[in-house]
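**Q**
Chains as they are written, first to last, in this note's numbering: chain V, 479 to 586; chain L, 448 to 562.
#1: With the cut-off set at 9 Å, would you say residue 485 of chain V and residue 580 of chain V are in Cβ contact?
#2: Between the segment 499–513 of chain V and the segment 539–556 of chain V, can you find at least three pairs of beta-carbon atoms closer than 8 Å?
#3: DSSP three-state label for residue 560 of chain V, please.
#4: Are there 16 or more other CB atoms within 10 angstroms of the CB of residue 510 of chain L, so buried, or fewer, so exposed?
#5: Shortest alpha-carbon distance to residue 551 of chain L belongs to which of L/540, L/535 and L/525?
#6: For a quick check, are the C-beta atoms of residue 529 of chain L and residue 507 of chain L less than 9 Å apart?
#7: What residues in the segment 492–511 of chain V have a beta carbon less than 8 Å from any beta carbon of chain L?
#8: Could you say which of V/530, V/571 and V/556 lies nearest to residue 537 of chain V if we only look at CA atoms?
#9: For a contact meaning CB atoms closer than 8 Å, what does residue 497 of chain L contact in chain V?
#10: Touching or not, the segment 463–472 of chain L and the segment 505–524 of chain V, by the rule of three or more beta carbon pairs under 8 Å?
#11: Sorted by chain position, which residues of the same chain lie with C-beta nearer than 6 Å to residue 503 of chain L's C-beta, five sequence neighbours on each side aside?
Shown next as structure tokens:
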């Protein structure tokens, strides 16, 4: 399985932008980059995904490096409700393979 | 619309007992996944179904674990002769298909405690 590397934890002030990095140097040409997050005591929740181009949706933006070996999830204005573990996952025609993710803390 | 539901939300059992965990996927989703999550870890894949058949069961830890999806909708994860190490949150997810582009929708999980 293609692997990703994320920082264990990050901290942000409320209403500030947050950039969550992910390295995936062994990505294959057909792998999509997916981001999920898991709030306390809940199942994971889809955030965003992309293949080559940057993507925006109502929750976040995904910036993908030109060589696709890294990506960054951008939360434009962090709120207390964004405190969660964020997982960066490479996905082909296979189930999701979760790492330990990045635990994001948001300070009021 | 209704999301993925799982029952029971909590299950406490004794070592050696048999348990069944149920998952109701989103209507129309052909792919269904089971994951297990231990404290402080990310979810770990167990098995996934495409329709009624198990497309990949490589994550099942041993033959005490079994899952079925007889009509291509509801799925049941069955654990025989439970052990204390089986204690975890068992998560179910479904998706429209099983491709790289497909989003998985997760249920709230069943917390299994084996005493």
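Ideal Cβ placement from N, Cα and C applies to all residues, glycine included.
**A** According to the structure data:
#1: Within the first chain, the letter at position 7 stands for residue 485 of chain V. Within the first chain, the letter at position 102 stands for residue 580 of chain V. Going by C-beta atoms, residue 485 of chain V is nearer than 9 Å to residue 580 of chain V.
#2: Taking one beta carbon from each stretch, the segment 539–556 of chain V and the segment 499–513 of chain V have 3 or more pairs nearer than 8 Å; the two touch.
#3: One-based indexing of the first chain puts residue 560 of chain V at position 82. Helix at residue 560 of chain V.
#4: By one-based count along the second chain, residue 510 of chain L stands at place 63. For residue 510 of chain L, the number of other beta carbons within 10 angstroms of its own is below 16, and it is reported as exposed.
#5: Here residue 551 of chain L refers to the residue found at position 104 when the second chain is read from its first residue. Ranking the options by Cα distance to residue 551 of chain L, first place goes to L/540.
#6: Counting from one through the second chain, the residue named residue 529 of chain L turns up at place 82. Counting from one through the second chain, the residue named residue 507 of chain L turns up at place 60. No. Outside cutoff.
#7: Residues of the segment 492–511 of chain V with a C-beta atom less than 8 Å from some C-beta of chain L are 508, 509 and 510, listed in chain order.
#8: By 1-based counting over the first chain, the position of residue 537 of chain V is 59. Here the closest residue by C-alpha is V/556.
#9: Indexing the second chain from 1 puts residue 497 of chain L at position 50. Within 8 Å Cβ-Cβ: nothing; residue 497 of chain L doesn't reach chain V, min ~10 Å.
#10: Proximity of the segment 463–472 of chain L to the segment 505–524 of chain V falls short of the contact definition, fewer than three beta-carbon pairs being nearer than 8 Å.
#11: Locating residue 503 of chain L in the second chain gives position 56, counting from the first residue. Sequence-distant Cβ neighbours of residue 503 of chain L in its own chain, meaning closer than 6 Å and more than five residues away, are 495.
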